[in-house]
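Participant: I'd like to ask some things about the structure below.
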Amino acid sequence: MVSQYVHDVSYLAEAVLSLDEIESGFKAIVLPSKARLTHLSIEVLEPDSSTSIDVGLNEETSYFINNLALDSKKSELSSVISSIKEKSFVTINYTGKSTAKVALRAIYFLPSKIMTEF
25 MVSQYVHDVS YLAEAVLSLD EIESGFKAIV LPSKARLTHL SIEVLEPDSS
75 TSIDVGLNEE TSYFINNLAL DSKKSELSSV ISSIKEKSFV TINYTGKSTA
125 KVALRAIYFL PSKIMTEF
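Structure below.
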């Protein structure tokens, strides 16, 4: 028999945003302290070729995704996995005016573990 510790509580935070309703630097998702972020993606729901977008963490404006063109419907998955030391914010940054609509999704775990046996 093999036993191991696994994280047993995961969270999905989702924000659907119209860029014409928010300002650049908008704090779209809150990540609690001690969270382990395993997945962050952005989906372009309504394209607009007039701008591109960066998805950042706090003041690091392109921490997760840099210069994603919003010219077509698509999804982009960040390759960054991060341990959050203190409460942080996933931010949306762009230049100019845009009518694009995007969905931002983050999956993270909080420090709760259980022992499993196989």
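For our numbering, add 24 to where a residue sits in the sequence shown, where the first one is 1. For each residue, glycine too, the CB sits at the ideal point set by N, CA and C.
Compute the distance between the beta-carbons of residue 43 and residue 102, then report whether it is under 8 angstroms.
Facilitator: Contact: no.
Participant: What whole-angstrom Cβ distance do residue 141 and residue 99 have, given they're in contact under 8 angstroms?
Facilitator: That belief does not hold up - the Cβ atoms of residue 141 and residue 99 are roughly 37 angstroms apart, past 8 angstroms.
Participant: Report the rounded CA-to-CA distance for residue 82 versus residue 30, giving the unit in angstroms.
Facilitator: Whole-angstrom Cα-Cα distance: 29 angstroms.
Participant: Within 10 angstroms of its Cβ, does residue 57 collect 16 or more other Cβ (buried), or is it exposed?
Facilitator: Exposed: under 16 other Cβ atoms inside 10 Å.
Participant: Have a look at the DSSP bridge pairing and note the partners of residue 78.
Facilitator: According to DSSP, which records beta bridges pairwise, residue 78 is partnered with 117.
Participant: Let me confirm a value: residue 35 is counted as buried when at least 16 other C-beta atoms fall within 10 Å, else exposed. Which label applies?
Facilitator: Exposed, because fewer than 16 other Cβ atoms sit within 10 Å of the Cβ of residue 35.
Participant: Can at least three beta-carbon pairs, one atom from the region 112-128 and one from the region 45-55, be found at a separation below 8 angstroms?
Facilitator: Enough Cβ pairs lie closer than 8 angstroms, so yes.
Participant: So residue 62 is in the beta strand (DSSP E); what residue range does that whole segment cover?
Facilitator: Its beta strand (DSSP E) spans residues 60-70.
Participant: Can the beta-carbon of residue 78 be found closer than 8 angstroms to that of residue 89?
Facilitator: The answer is yes: Cβ separation under 8 angstroms.
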